[in-house]
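As structure tokens, the structure follows; a few thoughts come after it.
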Amino acid sequence: MAPVRLAICVAPPSRIAPRSARSATTASGGASSLQFGDQLVYFGTEPEWAIIARSADTAGLQLRERPGSLESERLHVVIQKGRLFQREHPSVSVLVDKGRYLLVDIDPVLARRLAKRKDPCFTVLALEAVDPTARGKDRVVFTSHDLDPDRATARAPHPMVSMHVDRISRTTFESDLAELVALPTRFSTSAHYQKACDIVERKLVSFGYATSRQMIGIGGSQSANVVARRAGTGPAPRREVLVTAHLDSINLEGSATSPAPGADDDGSGSAGVIEIARALRDVANVHDLVFIHFGGEEQGLFGSKHFVRSLSASQRSRVHSVVNMDMIGTLNTPVPTVLLEGRAISQSMLDSLADAASRYTGLALETSVNAANSDHVPFLDKGIPAVLTIEGADSSNDEIHTSRDTLDRINFALALEILRMNTAFVAEALTTNPTEV
Ligand SMILES: [Zn+2]
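Here numbering that gives the first Met the number 0 is used: the first residue of the sequence shown is 0, the next is one more, and so on.
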């Protein structure tokens, strides 16, 4: 156990930049740092601390030092849905709170136990497991990108893409979301969940997609994925572009029959899948377009794990990208912000989504290569590029998994902007580079 001192400062602008553009700006002088968006955390042993303080001073950083010292082995990063880690462990001290991402001071024995448990609601990471792409001692939990507010450097919108993007409509999105939220619950193995499957399947059929159900077992009961396809016109083998969300909801304060409107989590993503399917219903797709509403997400990603397991190696290799939406309707940031969460394998997706955000939306952007706790993970685990697109991370929707995750709390302006970004990304991925799979 090594006692370390710890300080937090506002990240200098040079650090608020895409990873590729991130320079070696560091005040750590050989110690370690963790970036949480616009905050930087430095920690180091007593001999290292003088160097840290001096370099910080030279770099003009205002360090806010935490009094005393703590054992470095106690420092962990938590990735949580809503505030479900904090609700379950209120006594664990939170050093940095950015909503989805926390820096905590936790008993290492408890941390190891929680890491092993593979909880569906949160992930506890030792610092070595954070940012697998880091080469030095400076690790990034997530980055806040310093986008040009006037979008002066963004490329001009493409007319074909704009036509589809401009179809994204609050009227239809809100009405679809209201229909899903009106069910008493969408608990994965309930009869109400089957009704939700009927609702989304009926809509997807009406747009001309070919639908199917994939049954999934959850502890002796059954749930289902609803899959909708539209084959591309290009020569085989074609890419597959997937747009996904989880259709199920849960109430952790009650039982399987308690009210679980799940408006943000994940009615917003489910109605979002329908809205994108509507906007792309007549897209001139060279490649194959697939929409999936997963079941069993809240019980532990059952639907997405089952789907990925059902793919042969050649089917897996055809999946070009998976755009997952899980909670796109709560404003956690001063300006509408989307968080893009993937892994190194998703880098070209992250770049293309960021490009779509700047060309077709006014969204601010956060990115992370620390992926956890949603349906993008089973794809990433099999080497398939996937990105979770989710409301920004500075705060968090504390009402998910309760009866209070309701329609009146949804920020439609944010949700529609995320849908515009995703529609643009998918339209481009379906129609460009026809020979490249
Ligand atoms: Zn969710």
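We treat Cβ as the ideally placed atom computed from N, Cα and C, and that holds for glycine.
Start-to-end residues for the alpha helix (DSSP H) that takes in residue i
{"i": "His-191", "result": "190 to 205"}
{"i": "Phe-378", "result": "375 to 380"}
{"i": "Leu-418", "result": "411 to 430"}
{"i": "Glu-87", "result": "83 to 87"}
{"i": "Arg-317", "result": "312 to 317"}
Spatial distance of residue i from residue j (CA atoms)
{"i": "Ala-227", "j": "Leu-83", "result": "32 Å"}
{"i": "Gln-213", "j": "Lys-304", "result": "12 Å"}
{"i": "Asp-374", "j": "Ser-345", "result": "14 Å"}
{"i": "Leu-300", "j": "Arg-308", "result": "12 Å"}
{"i": "Phe-121", "j": "Ala-426", "result": "33 Å"}
{"i": "Ala-153", "j": "Ala-356", "result": "9 Å"}
{"i": "Leu-279", "j": "Asp-407", "result": "28 Å"}
{"i": "Ala-255", "j": "Gln-85", "result": "23 Å"}
{"i": "Leu-109", "j": "Ile-215", "result": "32 Å"}
{"i": "Leu-94", "j": "Pro-335", "result": "25 Å"}
{"i": "Ser-269", "j": "Ala-343", "result": "26 Å"}
{"i": "Phe-172", "j": "Asp-380", "result": "31 Å"}
{"i": "Lys-202", "j": "Ala-114", "result": "40 Å"}
{"i": "Ile-417", "j": "Ala-259", "result": "24 Å"}
{"i": "Val-129", "j": "Asp-165", "result": "38 Å"}
{"i": "Phe-3", "j": "Gly-43", "result": "It should be pointed out that residue 3 corresponds to Val in this sequence rather than to Phe. Those two C-alpha atoms are separated by around 5 Å."}
{"i": "Thr-430", "j": "Ser-351", "result": "14 Å"}
{"i": "Leu-339", "j": "Thr-366", "result": "5 Å"}
{"i": "Ile-273", "j": "Val-199", "result": "7 Å"}
{"i": "Ala-155", "j": "Pro-377", "result": "35 Å"}
{"i": "Ala-276", "j": "Phe-290", "result": "7 Å"}
{"i": "Met-420", "j": "Ser-220", "result": "37 Å"}
{"i": "Ala-10", "j": "Gly-59", "result": "11 Å"}
Residue i - DSSP class collapsed to helix/strand/coil
{"i": "Ser-394", "result": "coil"}
{"i": "Thr-57", "result": "helix"}
{"i": "Asp-287", "result": "strand"}
{"i": "Gly-271", "result": "helix"}
{"i": "Ile-15", "result": "For Ile-15, the pLDDT reaches just 49, beneath the cut-off of 50, and the residue's location in the model is therefore unreliable, although a value from the coordinates is still provided. Of the three classes helix, strand and coil, the one that applies to Ile-15 here is coil, per DSSP."}
{"i": "Met-326", "result": "coil"}
{"i": "Val-180", "result": "helix"}
{"i": "Thr-360", "result": "coil"}
{"i": "Leu-339", "result": "strand"}
{"i": "Leu-349", "result": "helix"}
{"i": "His-400", "result": "coil"}
{"i": "Ala-20", "result": "Here the model assigns Ala-20 a pLDDT of 38, short of 50, so the residue's position is not dependable and the matter cannot be decided."}
{"i": "Pro-46", "result": "helix"}
{"i": "Val-307", "result": "helix"}
{"i": "Leu-406", "result": "helix"}
{"i": "Gly-233", "result": "coil"}
{"i": "Met-259", "result": "Residue 259 is actually Ala in this sequence, not Met. In this structure, Ala-259 counts as coil in the three-state DSSP scheme."}
{"i": "Asp-265", "result": "helix"}
{"i": "Arg-280", "result": "coil"}
{"i": "Ile-249", "result": "coil"}
First through last residue of the beta strand (DSSP E) which encompasses residue i
{"i": "His-163", "result": "Unbroken run through His-163 is the alpha helix (DSSP H), 158 to 164; no beta strand (DSSP E)."}
{"i": "Pro-2", "result": "2 to 9"}
{"i": "Ala-343", "result": "No beta strand (DSSP E) contains Ala-343, which DSSP labels as neither H nor E."}
{"i": "Glu-445", "result": "The structure shown does not extend to residue 445, since the chain is modelled only from 0 to 436, so the question has no answer here."}
{"i": "Asp-96", "result": "92 to 97"}
DSSP beta-bridge partners of residue i
{"i": "Asn-369", "result": "Bridge partners of Asn-369: none, in fact."}
{"i": "Thr-210", "result": "Ala-227"}
{"i": "Ser-222", "result": "Ile-215"}
{"i": "Arg-63", "result": "Ile-7"}
{"i": "Tyr-41", "result": "Ala-6, Ser-32"}
{"i": "Gln-79", "result": "Phe-121"}
{"i": "Ala-458", "result": "Absent from the model: residue 458. The displayed extent of the chain is 0 to 436, so no value can be given."}
{"i": "Ala-385", "result": "Val-321"}
{"i": "Leu-74", "result": "Asp-104"}
{"i": "Glu-173", "result": "The partner list for Glu-173 (beta bridge, DSSP) is empty, contrary to what the question assumes."}
{"i": "Glu-239", "result": "Asp-287, Val-318"}
{"i": "Leu-69", "result": "Val-3"}
Next on the checklist: Which complete alpha helix (DSSP H) runs does the segment 101 to 158 hold, if anything under 4 residues is left out?
Outcome noted: 107 to 116
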